[in-house]
Structure formats: C-alpha cells, structure tokens
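Below you'll find the structure, written out as structure tokens, and then a few comments.
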Amino acid sequence: MPASEPASDAGGQQHHAVHTAVPPALVDEYRAARSRSARIFARACRSMPGGETRAVTHYPPFPTVMERGTGAELMDVDGNHYLDVVNNYTALVHGNAQPEASAAIEAILRDGTVFPAPHRSQIALAEEIAERVPAVERLRFTNSGSEASALALRIARRATGRRELTLADGGYHGAIAPFTSGEPDVVRTPYNDRLALEATITERTAAVFIEPFLGAGGVIPAEPSYLHAVQDRAREVGAVFVFDEVQSLRNAPQGTAHALGLTPDLVTLAKIIGGGMPIGAVGGRADLLELTSPLVSGRLDHAGTFNGNPVASVAGLAALRRLDVTAIARLNGSAAKLADEIAAAGAAAGAPVVVTRSGSILNVHPGADAVRAPADARRAPGFRAALHLSLMLEGVYTTPRGMLNLSTALTPDQLRQVADGYTRAFERLTSQPGLLEEAGALAP
Ligand SMILES: Cc1ncc(COP(=O)(O)O)c(C=O)c1O
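Heads up, the sequence shown is in the UniProt record's numbering, so the first residue is 1 and it goes up one at a time.
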C-alpha cells in the first residue's frame, strides 16, 4: 500500500488515534467534563469492538457521546454544548434536524418507510438530481457512497470488459473492496501529477475514479488542468471517467464537475442528497446506466433492500431544494473568511497552521509549509490531536484530522464564535510552556 493512501475514511487518523500521546493536562480536563460519556463508552466496548461502529469517530481517550443536535448546536450526554463544524462529515449541509427535512420525514413515516416497489419520492429525488447535475442522464440509488463506488465500478467493468481500476494516491471512495488498500487490479496514481497519467491509465483500465479535492486525504484541491488531463487520458484509452462528487456536490450549484467544465461518464453521489439519512447514487451517461435496466436482457443486476428508500428520498429532496445558488455562495464566502481567521489566529498564537479549502470544506494543518501531498496532511499528528481536544473544550465540535465544514444553519454570530474558539484553542496549546513538546505533539 502506498504510504499516502488513507487506511479508512479516517484518512489515517485511525492509526494516530491509537498511538498519539495527547498532552495529559488536556486529557484530564476533557475527562473531567465527560463522566457519562466515559461510562457509556465502557459499556459500548462490551458489545462493539473498541466501542465503535465507524472508523472515523474514535479518538483518545474516548469519544464524546452525543445526545442531540439542532441546527448548528450539539449537546453531549454530559450536557456540554458545541457548535457543529463536522456536520456528519459534510452530509448535514443544513445542520442538524433541519426543519423541512424533518417534517418531510415525519410525514412519510405515517405511510410506511420502505416498499418492495417503486415510489414517487425516489423518482422526485432522481429528477431533482438530474435537473441539477448535467452529467446525470440516468441515476440509480444505493445506500451509501461506498456502494455507489462499487456500482460505478461494476458498470465500468461491464461496459469496457476490463478489470483494472485507477485511483489517486490519498483518494477515498469508500470503505469497501476494491477501494480499500491492498486489492488486486488497483493502480494508484500520484494526485496532481499529470506526467504519471500515461503509465497509470492504460488500455487495461476499466475506470478512473477521482475527487476534485482529496477529502478524507486532507482537503487538498486538484489543479483544474489536472482533472481535465485525467478526463482526456481516460477518453483516450477508452476507460470510464468517474467523478466522485460525494463531498463536492455541496460546493457548486450544479456540482463541481460542471463548475470546472468537466463531462464525466459517471458521477458518484451521497451525503447531502439524503438530507441526513443514509443514501448514495450513481448517475451519468444513459448508455452506461441502462446496463442496469430490467428492460435490458443480460443486464447487470444491482440489488439492495433499501435502495432509494422513501425516507432518505424525501429528506434529500428537501435538503437539495434549500441548497440554492445563494446558499452555496454564502457558504463558500463564509468558509473563505473563516479559513483566513483560523490561519491568522494560529499565527498570532505562535502555532502556525495552513488552512486548505474547497468550497465550504476546510482542513487545518499544523505548520507553515504548504500542503500539497497526502503525507503533508498527516504531519504532526500530536498537534492535530491536541488541537482537536482543545477545540472540544472550547465548544467547537470538529474532527481529529482537522477537517471542518460549514452548514447553512451557522449564523454570522456562530461563525464568529467558531473563529474565537480556534483563537482560544491555539492559545491553550501555546500558553502552557512545554505542553505540546511534552507530548511530542510537534514532532513530524
Ligand atoms: C469522496 C467520498 N467518496 C465516497 C465516500 C463514501 O461514502 P459513504 O461513507 O456514504 O459510504 C466518502 C465518505 O466519506 C467520500 O468522502
């Protein structure tokens, strides 16, 4: 496995979570306000391995257990309050319990939650997505982005009669084979490296999957010309060009591929299209999607008990309709401002950071050097862990790897509070002499 490949949707933080020492003073303060979380975590460990069911949500000494979320506010089981800048890893673009999505869910619950039959709600969501995203001529639903990746690859393999799959170093498309590490028929290509494409995308390639920015890999944007070069090379050798918009759909009204002038054969979608419920989808060229049609003999069977379930469909439709041009422009503008504020706060406190960003998704990286490669996004894991806990203590709910993203629920006042939270968290880390050094937190 190449060193830069994320081990999971944790983007490598899984490893750091177990092995990184965090300054003991921070850990003590964290524990002191989370006795209920600690008890629940101990109980969880008796039924679930490591008390968890999702790689990305564990961090030492134990994860805070959440009680409820409304809009941009979260409350944990100990009564601690946070401003939410995780939004379930970009899925909750309107924040928690968004009233219109919740009302749509409540309304449909009375009529049943899932049927072994087509339902108007799934057709309405498919139409909304097709209207919005130009590459989507037809669409098929799954239950997650990982499943969408698997389906897109099956379609590509059927269409081309080839096996090989090209993925970017540090790219993340889901937690199932062959998108995880060490799988056969997978070729890795260095991100943003046009010269490598001739060797890594060939006549043997069935599909090339690419994100417009490495999401789990540290929010590292691609050069637009690189993405065009990937598309051109895929076309040249007859491979299917799959554009992963699972995270990036929120960043542009018609999706990021369209904003960059790209014309993917297939796009994978998930997260925001479910309005807070589990979902995924593959959209794209009609001739490719029609390979899954029941009206086609010898079709590619794509089954799934909950595919296109009405609860996710109505919630997703409500969420997408609220995410209009104005909302996206506001989100992206607020994110740009916050990125500047966080970088300035780090510098002022003597803890320089680089903030990478794509649209309304950001990543705070320790150190002053540019972040260009996946390895840069994993430097100084101790600092990342310490900053994460400090932010939790300051009431900002963010991620261990440093990723944060905005929701439309965040008011200007709350955005200011988030920026102030970063200022105080940086000061916490630098005001106590030796705090970071003690934990080896500044070590690369
Ligand atoms: C770019 C990208 N693709 C695919 C996935 C997988 O989606 P899911 O977690 O819904 O399986 C993710 C999840 O984080 C993602 O960020």
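The C-beta atom is built at its ideal place from N, Cα and C for all residues, glycine as well. Bear in mind that the values here come from a model prediction, so they are computed numbers and not experimental data.
Not one heavy atom of ligand 1 lies closer than 7 Å to the C-beta of Gly170. Under the Cβ criterion (8 Å, minimum of three pairs), the segment 130–145 does not count as touching the segment 179–189. Secondary structure note for Asp84: its beta strand (DSSP E) is the uninterrupted segment 81–84. Around the beta-carbon of Glu203, fewer than 16 other beta-carbon atoms lie within 10 Å, marking it exposed. For Pro99, there is no enclosing beta strand (DSSP E); the enclosing alpha helix (DSSP H) covers residues 99–109. Nearest Cα to Ala199 within the set Leu214, Ala207, Thr189: Thr189. Here the alpha carbons of Asp413 and Met277 stand approximately 28 Å from one another.
Per the C-alpha coordinates, the member of Val77, Leu151, Gly316 positioned closest to Ile123 is Gly316. Relative to ligand 1, Val230 has its C-beta separated by 7 Å or more from all heavy atoms.
A check of alpha carbon separations from Glu245 across Ser37, Arg43, Ser149, Ser431 identifies Ser149 as the nearest. Taking the Cα of Gly69 as reference, the smallest distance to any Cα among Pro63, Val77, Phe62 is reached at Val77.
Apart from the 5 residues on each side of it in sequence, Ala130 sits with its Cβ closer than 8 Å to the Cβ of Val136, Glu137, Arg138, Leu139, Gly283 in its chain, given in chain order. Taking 8 Å as the upper bound for CB-CB distance, Val396 and Val85 are in contact here, some 6 Å apart. By the Cβ criterion, the segment 112–120 is not in contact with the segment 156–174, since fewer than three pairs of Cβ atoms, one from each stretch, lie closer than 8 Å. Using a Cβ-Cβ distance cut-off of 8 Å, the segment 337–353 and the segment 224–232 are not in contact, since fewer than three pairs of beta carbons, one from each stretch, lie closer than that value.
Rounded to the nearest angstrom, the gap between the Cα atoms of Pro212 and Thr408 is 22 Å. Residue pairing from DSSP places Asp76 in a beta bridge opposite Met66. In the structure shown, Ile201 adopts coil according to DSSP, grouped into three states. Within the segment 208–248, the complete alpha helix (DSSP H) segments of 4 residues or longer fall at 224–237, listed in chain order. A Cβ-Cβ contact shorter than 8 Å links Ala206 with Val240.
As computed with DSSP, Arg384 is found in no beta bridge at all.
Within the DSSP secondary-structure output, Asn363 pairs in a beta bridge with Thr356, Met403.
DSSP lists Thr189 as the bridge partner or partners of Ala168. The DSSP assignment places 280–284 as complete runs of the beta strand (DSSP E) inside the segment 270–351, in order along the chain (cut-off: 3 residues). Straight through space, the alpha carbons of Val354 and Gln432 are spaced by roughly 22 Å. Looking from the CA of Ser225, the closest CA among Gly215, Ala419, Gly261 belongs to Gly261. Annotation: the continuous alpha helix (DSSP H) that includes Thr430 extends over 412–431. By the C-beta criterion, the segment 96–105 is judged not to be in contact with the segment 252–267, since fewer than 3 inter-stretch pairs fall below 8 Å. A straight-line Cα-Cα distance of about 49 Å links Ala126 and Gly350.
Using a cutoff of 7 Å, the CB of Gly215 counts as near ligand 1, since one of the ligand's heavy atoms is closer than that. Here Leu295 is exposed, its C-beta having fewer than 16 other C-beta atoms within 10 Å.
Judged by their CB atoms, Arg379 and Gly367 are nearer to each other than the 8 Å cut-off.
Relative to the non-hydrogen atoms of ligand 1, the Cβ of Gln247 comes within a distance shorter than 7 Å of at least one. Ligand 1 approaches Glu211 closely enough that one of its heavy atoms is under 7 Å from the residue's Cβ.
Between Gln247 and Gly215 a beta carbon distance of about 4 Å is seen, short of the 8 Å cut, so the two are scored as contacting.
Annotation for Phe41: the continuous alpha helix (DSSP H) segment containing it runs 35–47.
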